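Colleague:
In my numbering, the protein residues as written are 15 to 142.
1. Rounded to whole angstroms, what is the Cα-Cα separation between residue 129 and residue 109?
2. What residues in its chain sit with their C-beta under 6 Å from that of residue 16, if we drop five residues either side in the sequence?
3. Whole angstroms are fine: how far does the CA of residue 136 sit from the CA of residue 39?
4. Apply the 10 Å Cβ neighbour rule to residue 13 and answer buried if 16 or more other Cβ atoms are within range, or exposed otherwise.
5. What span of residues does the alpha helix (DSSP H) with residue 105 cover, start to end?
6. Beta-carbon within less than 8 Å of residue 71's beta-carbon, same chain only, minus the 5 sequence neighbours each way: which residues are those?
7. Could you check what DSSP says for residue 83 in three-state terms: helix, strand or coil?
8. Within 10 angstroms of the Cβ of residue 63, are there 16 or more other Cβ atoms? Answer buried if so, exposed if not.
9. DSSP three-state label for residue 33, please.
10. What first and last residue would you give for the beta strand (DSSP E) that runs through residue 117?
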């Protein structure tokens, strides 16, 4: 079993789990469910207590990744992801997924330094 903590706008919302047999589930954190800011990640993943085991879990998280098989292959090569499966790709690049959702290993949290931009100078720019 492997897990990734799911964050929305730097607030923990739940946990994505991949079982040994490859099945995926998602569980919203109880603190998120009690929050006045609580909202579902997707209409296909409604707010609820307990594990969500529908196919929608796999599809929602798969859709956070690029559609192109070539781009997914490059992610595997660049980050040495275990496979092209969405969970393995998100384990490597989920910290920079599109939109407000971020996936991180358990116990990790983004800090303001993760969002800091790089200051470019003429010397530091790559040649055209």
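Note that CB positions come from ideal geometry on N, CA and C, so glycine has one too.
Small disclaimer: the values here were computed from a predicted structure and weren't measured.
Modeller: From the atom records:
1. Low confidence applies to residue 129: its pLDDT is 49, below 50, so where it sits in the model is not reliable, and the reading given next is rough at best. Each residue's alpha carbon lies about 11 Å from the other.
2. Cβ within range, chain order: 32.
3. Each residue's alpha carbon lies about 48 Å from the other.
4. Only positions 15 to 142 of the chain appear in this structure, which leaves residue 13 out of reach.
5. Element bounds for residue 105: 100-107.
6. Excluding sequence neighbours, residue 71 sits near 30, 38, 39, 40 and 59.
7. Three-state DSSP puts residue 83 in a helix.
8. Per the 10 Å Cβ criterion, exposed.
9. The DSSP-derived three-state label of residue 33 is coil.
10. Note, residue 117: beta strand (DSSP E), 115-118.
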